[in-house]
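Peer 1: Residues 148 to 649 in our numbering are what the sequence shown lists, from first letter to last. Please find one structure pasted underneath; my questions will follow.
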Amino acid sequence: MTTTYVTAGPVPVQQTTYITTGPQIQTTYVTNVRQPPPPPPPQATVVITQSNGRWATPSQTQSGTAATLLFVYAGMDMAQGLGWNLTTIPAFGTLEFQYSWFIGVIIGTVVAAITASFLPKAVFYGLGGVMNLIDAIIFVSAPYQYESILAARYVGGVGIGLITVPFLIHSAEIASSSNRGTCCALEQYGLALGVAIQVIYDSQWSASLGMTINRVHGIFGIVFTAIALGSVAITIDSPIFYIRQNQEQKARASVKQLMGVFWTREAGDRAYDEAKLYVVEGSSQGVGEQLKESIMPFLKLLLFRCFVAFTFSIPLSESLVETTQLVEGTTYSWPTIIFGILRLIGALITFGILDTAGRKFVSLLGLMCMAGLMLGMAGVYGDYAHFVDDYFMWQVCRLGMAFQFFAGLFICSSSVYLGEAFPMRVKPFLIGLIVCMEQVIHIIVIVKFTPFAEFFYTYFVAVGIIMVIGLVAFAVLMPETRGLTLRQAGERFRRVHDVMAY
148 MTTTYVTAGP
158 VPVQQTTYIT
168 TGPQIQTTYV
178 TNVRQPPPPP
188 PPQATVVITQ
198 SNGRWATPSQ
208 TQSGTAATLL
218 FVYAGMDMAQ
228 GLGWNLTTIP
238 AFGTLEFQYS
248 WFIGVIIGTV
258 VAAITASFLP
268 KAVFYGLGGV
278 MNLIDAIIFV
288 SAPYQYESIL
298 AARYVGGVGI
308 GLITVPFLIH
318 SAEIASSSNR
328 GTCCALEQYG
338 LALGVAIQVI
348 YDSQWSASLG
358 MTINRVHGIF
368 GIVFTAIALG
378 SVAITIDSPI
388 FYIRQNQEQK
398 ARASVKQLMG
408 VFWTREAGDR
418 AYDEAKLYVV
428 EGSSQGVGEQ
438 LKESIMPFLK
448 LLLFRCFVAF
458 TFSIPLSESL
468 VETTQLVEGT
478 TYSWPTIIFG
488 ILRLIGALIT
498 FGILDTAGRK
508 FVSLLGLMCM
518 AGLMLGMAGV
528 YGDYAHFVDD
538 YFMWQVCRLG
548 MAFQFFAGLF
558 ICSSSVYLGE
568 AFPMRVKPFL
578 IGLIVCMEQV
588 IHIIVIVKFT
598 PFAEFFYTYF
608 VAVGIIMVIG
618 LVAFAVLMPE
628 TRGLTLRQAG
638 ERFRRVHDVM
648 AY
């Protein structure tokens with residue numbers, strides 16, 4: 148029997164309890180929240196060593212130390228033959244005494260040009276140093292014997308000729324593109340320092356000091372050549388020389404030594420590859436082909452380097468000595484000192500800016516001022532009555548001193564250009580020929596010089612006009628090679644014209 152209850156209220160809520168005996172259900176939660184980024188990789192510290200970009204490394208300058216010191220003594224010998232032999236005995240005033248050193252330079256240059264391609268540069272520096280040491284020792288031991296002193300000048304000239312061509316090649320090859328000017332300019336800077344020393348002590352020396360001037364000259368020479376011979380041991384040959392000898396390991400070691408603290412494997416490989424490419428390109432051409440390509444560079448550099456001979460000559464020296472004696476009454480005076488110092492200051496300034504301001508701009512500035520000053524002196528000498536007028540002679544003295552400063556600005560570029568201009572195979576022969584022509588100009592001027600007003604006027608007018616013509620020609624023809632490799636600089640020189648000045 149079923150009983151049914153009817154109520155009027157709401158149905159009560161009943162609680163239902165479920166009991167399960169199966170396995171528990173695992174609940175997986177899925178979220179769309181972005182995951183945090185992975186941790187960054189550990190940072191690597193990279194040290195970048197940059198080249199100094201301007202100044203040569205210590206290894207590069209040390210490699211040229213021996214030759215530079217020898218050039219200092221060469222400057223003294225050169226000045227002695229170009230009028231700065233004032234206090235010696237009259238027997239030493241012969242023409243042969245004056246031009247003997249220049250003939251020796253020609254002989255040494257010919258020998259060096261033939262052998263420079265296959266002998267290490269230290270051989271030339273060592274042999275040249277020994278010959279200059281012999282020169283200096285003779286000056287000290289036999290200062291009054293004309294034949295001995297004459298022989299010493301020949302020997303010293305040969306020694307300088309032996310080192311000039313190798314140094315110009317060597318300094319261009321060991322330097323980087325950014326400091327080649329500094330390395331190559333050491334030649335003319337050393338000569339300017341030697342000229343300053345000879346001019347100053349020769350003009351101020353007195354016989355009452357108890358020592359002959361030739362002995363003093365020799366003492367200076369012994370000091371410079373002895374230090375130079377000691378410096379030969381630190382000379383580093385160029386990687387280009389070793390590559391030409393098929394000595395790759397020595398070439399790479401040379402690159403590392405020359406770069407010094409700026410060496411890295413990558414930078415060293417780049418420098419080695421550039422040197423090797425220079426050798427490959429030079430070796431792939433025949434001598435005849437390279438001579439054909441060198442016609443334009445040779446003509447440019449022949450004219451340019453021969454102007455260096457006009458920057459310091461016996462007419463300029465005699466002009467300053469005579470005007471100083473007329474105005475001051477003696478050579479023991481300050482104009483002769485300033486004459487020597489200003490050339491050195493000009494060379495020192497150029498030494499520091501060749502790789503920044505450039506070779507062409509500095510040399511054109513110096514040449515322009517030299518041409519104006521030379522023509523100014525010619526204008527004074529044009530009236531022979533001025534020869535006995537203190538006022539006009541004082542103006543000539545001032546112009547002569549100023550001329551030497553701008554000569555210092557001009558001369559250093561010639562060394563750089565000679566190291567850059569020519570193809571590899573013919574470079575030593577063409578550099579040697581140009582250096583020989585420079586000495587020939589010195590010899591011609593010495594032989595033809597006469598200390599008369601007419602000669603001074605003719606010489607200064609002729610040289611001044613030649614310098615004006617050269618100024619215009621160089622402005623159009625000479626390239627600016629600042630910051631270029633040897634290959635790029637050679638290509639620029641082979642152009643007929645190049646008007647860029649900076």
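Virtual Cβ for every residue (Gly too), placed ideally from N, Cα, C. Predicted model, so just to flag it, every value in this text is computed and none were measured.
1. Nearest CA to the CA of V623: which residue from A609, R634, V646?
2. So what does DSSP say about A238, is it helix, strand or coil?
3. Give the secondary structure of S323 by DSSP, where H, G and I count as helix, E and B as strand, and everything else as coil.
4. Do D384 and K574 have their CB atoms nearer than 9 Å?
5. Near C453, which residues of its chain fall below 7 Å by C-beta distance, leaving aside the five closest residues on each side in sequence?
6. If I366 and V287 are in contact, beta carbons under 8 Å, what's the gap, nearest whole angstrom?
7. Please go through the same chain and pick out, in chain order, the residues whose beta-carbon is closer than 6 Å to the beta-carbon of G513, but skip the five residues on each side of it.
8. Who are the near neighbours of G306 in its chain, counting only those whose CB is closer than 6 Å to its CB and skipping five residues on each side?
9. Does the segment 250-258 come into contact with the segment 304-318, if we say contact requires no fewer than three beta-carbon pairs (one atom in each stretch) closer than 8 Å?
10. Going by the beta-carbon positions, is the gap between Y336 and L633 smaller than 9 Å?
11. Quick check on W231: buried or exposed, where buried means 16 or more other Cβ atoms within 10 Å of its Cβ?
12. I believe L522 touches G611 by the beta-carbon criterion, under 8 Å. Please report the beta-carbon distance rounded to the nearest angstrom.
13. My assumption, with CB atoms under 8 Å, is that Y246 sits in contact with G228. Please give the rounded CB distance.
14. Give the secondary structure of M225 by DSSP, where H, G and I count as helix, E and B as strand, and everything else as coil.
15. Between the C-alpha atoms of A343 and D416, what's the straight-line distance to the nearest angstrom?
16. Give the DSSP-derived three-state secondary structure of E334 in the structure shown.
17. Going by DSSP in three states, W410 sits in which element: helix, strand or coil?
18. Measure the beta-carbon distance from G579 to A354 and round it to whole angstroms, keeping in mind my assumption that it falls under 8 Å.
19. Leaving out five residues before and five after A418 in sequence, what residues of the same chain have Cβ atoms less than 6 Å from its Cβ?
20. So, do the segment 636-643 and the segment 522-533 have three or more beta carbon pairs nearer to each other than 8 Å?
21. Using the beta-carbon count (16 or more within 10 Å), is E436 buried or exposed?
22. Output yes or no for whether 9 Å exceeds the beta carbon distance between V219 and L340.
23. Would you report the Cα separation of C516 and R629, rounded to the nearest angstrom?
24. Beta-carbon within less than 7 Å of A518's beta-carbon, same chain only, minus the 5 sequence neighbours each way: which residues are those?
25. Is the distance from the Cβ of A226 to the Cβ of F459 below 9 Å?
26. Tell me the DSSP secondary structure of L631 in three-state form.
27. Relative to the C-alpha of V302, which residue among L333, T241, A221 is closest?
28. Between the segment 391-399 and the segment 313-324, do at least 3 Cβ pairs fall closer than 8 Å?
29. Could you tell me whether the Cβ atoms of P482 and M548 are closer together than 9 Å?
Peer 2: Well, looking at it:
1. From the listed residues A609, R634, V646, the smallest Cα separation to V623 is found for V646.
2. A238 falls in the helix class under three-state DSSP.
3. coil
4. No.
5. M584, E585, I588
6. With a Cβ gap of about 6 Å, I366 and V287 count as contacting.
7. F553, L556, F557
8. G275, M278, N279
9. yes
10. no
11. buried
12. Rounded, the Cβ-Cβ distance is 4 Å, consistent with contact.
13. 7 Å
14. helix
15. 43 Å
16. helix
17. Judged by DSSP in its simplified three-state form, W410 adopts coil rather than helix or strand.
18. In fact, because the Cβ distance is near 41 Å, the residues do not count as touching under 8 Å.
19. V402
20. In short, these stretches do not touch, since the Cβ pair count stays below three.
21. exposed
22. yes
23. C-alpha separation (whole angstroms): 22 Å.
24. If we look at A518 and ignore the five residues flanking it on each side, its Cβ neighbours are G611, M614, V615, L618.
25. yes
26. coil
27. A221
28. no
29. yes
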